[in-house]
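Using my numbering, read the sequence shown as starting at 243 and increasing by one per residue. We put the beta carbon where it would ideally sit given N, CA and C, even for glycine. Below is one structure, written out as structure tokens, with a few remarks after it.
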Amino acid sequence: RPLNTGSWQQLLVDIYDHQLRLVVNSDEDLIDIEKDVNLGVLDGSMFLGAIPPQFLTEEDKKDGLEGLVGCIRGLALNDELVDLKAFVRASAHGVSSGCTPSCEPNPCKNGALCTENWGSYECVCKNPFAHSGRHCEININEDALTFTTLESKLKYFTNDINKLGENNLLTKSFLINFRTYSKTGLILFAYDSLHNFIQLYLAQENEVVFLFNYGYEIKRVMVTADSGVVFNKGQSVQLSVERTSSSTSMRILTNGVFFNASVDAGVRLFQDNEYQQLPFGSSQPLPEIVRYPHSPTKPMNFFQVYLGSANDIQYDVHSSIPGIEGCIRGLKIGSSFVSLTDFYLNSTYPVDGIKMNCTMACDHHPCLNNGICTEDFHYFNNFQCDCVGTSYTGPTCSAETAYTFSGRQWISQDSATSPIKKDFRFEMAFSASTRHSRPQLVALLRSTDLQTAHDYFLVSIEPNGSLLMETQLSDLGKGMILGTEVDPSAHNFNAFDGYRHFVIAEKSRHGMTIKVDGEERDVLQLRNIVSETNVKTTPTGLYLGGVEAGIDDRLGRYDNFHGCISNVKIRTPEIEVMPLQQYGDNDLHFRTSGVPGYGSCAKFAAAGVLMAHGHDLNVSGVMGEEWAFRAAQRLVYQHQFVPATHPERNTPMDNVVPAVAGAIFLVCTIIVIALVLKAHRKRKERKELRDAEESVPLFNGGSSSDGRDKKEKIFTVSEKEMMPLNSKTEPDDVIQVANATPVANVETKNEAKQKEALEKDVGAAKQEPLDAVKPF
């Protein structure tokens, strides 16, 4: 992992006893220090970013050791964080607090790389041929035409040679860009009245050819891509043809990779006095050269260009190379931009099958899981996805038919013909869930022919996470079991990592090939074949998730599979089948033990996530020179006093947090005390009210505690007997009158006396009204 990409890097230096541990991101190295070396106590000054000139050694100066241009954060010494801001004010010029990248957000356009200079930035254009401007905002490839058929062509013709000026394709360097899915196609053909010509075409999917005449000679510049790169996957293919008087070269840029070729032949054109009808010996000296009329006498001057197809029956121009289906864009001749759109709009020739712009459905990446998108130029927004090698199916390579197994189920399929043939292909995706002490059988292909009953192909998972694929074939590897084992200790692979894995095994007359997760593995001789084995011949050619007992003695060491199996595909010269889809359709050729669960398997593992510090900071790439490493040296220097303020214990937050906590506790305490006092006061008030109610006499002046045994008679006083109340001294007793009917009762002697006294009181009330009665 490069350290100069602008991303945060983690560095740890740990010294203990006589060992030094150096950790950079996820890489670690342990260095033993000799016993006689005393590291001492590193209590001197620390310099960050650069070494002061007075401390530079001659070796440092020789190596050109420079200071750091970038950011430093999270410095900790002996597990104590250092507040770097406290030291910035005393630092040299050019050091500032914070880390604000100039490339965030990215100011560069058209996919350009922003180079961070920490205070300024520089844009590195993704396509240096077609993009320009400070921010790479100028893109000549936006001027584009789409050719929707093999016969689509854009033609340009002029009799005024002088009109071309600096835009003469026959003499000038030029840029052009194309996108196509065609395996071959003509891009450009230009010629004049003297038989000077140039021709540019896609010869095959990884080869572009530029033909031109160097006087009477025909020269060829051929650029061939290697490392599996092709030019016909719909991607941008940028061509630069550079011509001088002595050489011609062609450079191609696609997917960030450059290819080039050149010849020692430059620009040498026929002149008017050199005209010949057949200067190259025939009208078509090479089969791929466009054939056009050759006049026996010198015609009038003209210049003609074809983009796309060069089949022009009206003018007797024919090409053995078909036109190109796709986009042609960004034509620049010499230093002048030539608008293809203007030529299209102003053309006096038919432009059937040509559309402006170069908008493709595949630009939106509709094919998932690394499926390959192919544009259909005949219809707008139409595409096809090639899902081969993705482990998925469907229109966008996202569909799957998957079943889960828990170690108690398996699926088998009977077949009319054996799946083990001279030529067969087996594909399967899976994800394992549970590790066991014994190997787990994931899939088994076996021969159903009596003559080759011992032939099989097996996929299994070992307890350590290895993936084992082995096969015994009568016509391959005589006497040996062949296969491959993908071991976690030797490969970046583990079957129990919880991710999806994809297996492809293909046998042909050339041998056996096995791919795991898209990477081809070596097929080796694993062990000798044991001749005496009991194999039961049955019409069952496929087992998934396990195998029934007694079918093959060689399988006794395997347990059933725990996990998910998806998108199994078997292809032979006669047929291609997808067993799990057929099982889901209730095909009668299947047998099961238990019922596997329908579902979906895990996804493929994403790209590894690198370690980062705290908050993520996305910074565009920074390119720099490689570091010059030097051996560590110990220098003796004077200790410089640094204030003993601990950066972690003398910050504003160290005072704020306790104060806030104390205030919260005090408020809570006050609230609790107030609630307790309020409850106590309410209880006291209720008691006082109850005592007051108990002390009120039931009748006038009467009380239960006066020792008298009285019974009051309740009767009704009519309204006529009621007199207005005037101001008068309140009597000792106030009679409460209830509007009730007298109750018949037998009066005792005491009751009679009380009645008589009461009547006297009432009579007195009638005679002399009260002036005032004070209420209670």
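Could you pull out every residue in the same chain whose Cβ sits closer than 6 Å to the Cβ of residue i, ignoring the five residues on either side in sequence?
i	result
S675	H804 and G805
F399	Q546
T413	V509
L254	V265
P521	H437 and Y458
K597	T388
T690	S660, P781 and G783
Given residue i, which residues of its chain have a CB within under 8 Å of its CB, disregarding the five upstream and five downstream residues?
i	result
H260	D274, I275, E276, K277 and V279
Q824	Q655, H831 and F832
E818	K811 and I812
A873	Bear in mind that the predicted position of A873 carries a pLDDT of just 45, short of 50, making it too unreliable to give a figure here.
According to DSSP, residue i sits in a beta bridge with which residue or residues?
i	result
K574	L417 and F579
K757	I746 and E762
V547	Y398 and A432
S482	L417 and R493
A503	M492
L319	E322
V337	DSSP output for V337 lists no bridge partner at all.
R769	I723
N348	Partner(s): none; N348 has no beta bridge.
Could you check if residue i is buried or exposed, using at least 16 other CB atoms within 10 Å of its CB as the buried criterion?
i	result
A737	buried
S660	buried
Q480	buried
F289	exposed
Q519	exposed
I771	exposed
I257	exposed
T911	exposed
G613	buried
H743	buried
Suppose you measure from the CA of residue i to the CA of residue j; what does that come to, to the nearest Å?
i	j	result
A318	G740	36 Å
S562	E449	17 Å
E816	L709	29 Å
M711	F735	14 Å
C356	W250	16 Å
Q714	Q446	39 Å
E704	K778	25 Å
C600	L430	18 Å
A848	G565	40 Å
V532	T755	43 Å
G375	L396	30 Å
F439	P349	43 Å
K405	I380	27 Å
L245	S835	55 Å
T571	N419	Checking the sequence shown, residue 571 turns out to be Arg, not Thr. Approximately 5 Å, taken between the alpha carbons.
T426	S551	12 Å
F622	V728	45 Å
T726	Q693	26 Å
L262	L298	23 Å
I653	G788	8 Å
F544	N401	4 Å
D975	L919	Note that D975 scores 44 on pLDDT, short of 50, meaning its location in the model is unreliable; the coordinates nonetheless yield the value given after this. If you take the alpha carbons of D975 and L919, they lie about 42 Å apart.
G309	R485	44 Å
Please list, in chain order, all residues of the same chain as residue i whose beta carbon is under 7 Å from its beta carbon, the five residues on each side excluded.
i	result
F668	L687, F699, A747 and I812
R462	V451 and L453
Q477	R421, T496 and N497
F619	T388, T390, E567 and G568
G312	W360
R796	T775
N611	T632, Y634, C639 and S640
S702	P681, Q682, L683, V684, L710 and Y800
F579	I382
Can you determine whether any heavy atom of the ligand SAM sits closer than 8 Å to the C-beta of residue i, and answer yes or no?
i	result
T539	The ligand SAM is absent from the structure shown, which contains no ligands of any kind.
Got a sec: is the Cβ-Cβ distance from residue i to anything in chain B below 9 Å?
i	result
W360	In summary, chain B is missing from the structure at hand, where a single protein chain is found.
Legend entry - Minimum length 4: unbroken alpha helix (DSSP H) runs contained in the stretch 799-853: 821-826
Inset, instruction - Taking only runs that begin and end inside the stretch 589-645, name each unbroken beta strand (DSSP E) of 3 or more residues, in chain order. - result: 596-598, 614-618 and 624-628
Inset, instruction - Starting from the N-terminal side, write out each stretch of the alpha helix (DSSP H) that is 4 residues or longer and does not extend beyond the stretch 395-467. - result: 403-406
Legend entry - Inside the stretch 258-317 only - beta strand (DSSP E) runs reaching at least 3 residues: 261-266 and 269-274
Legend entry - Minimum length 3: unbroken beta strand (DSSP E) runs contained in the stretch 659-699: 666-674 and 682-688
Legend entry - beta strand (DSSP E) runs wholly inside the stretch 518-570, at least 3 long, in chain order: 545-550
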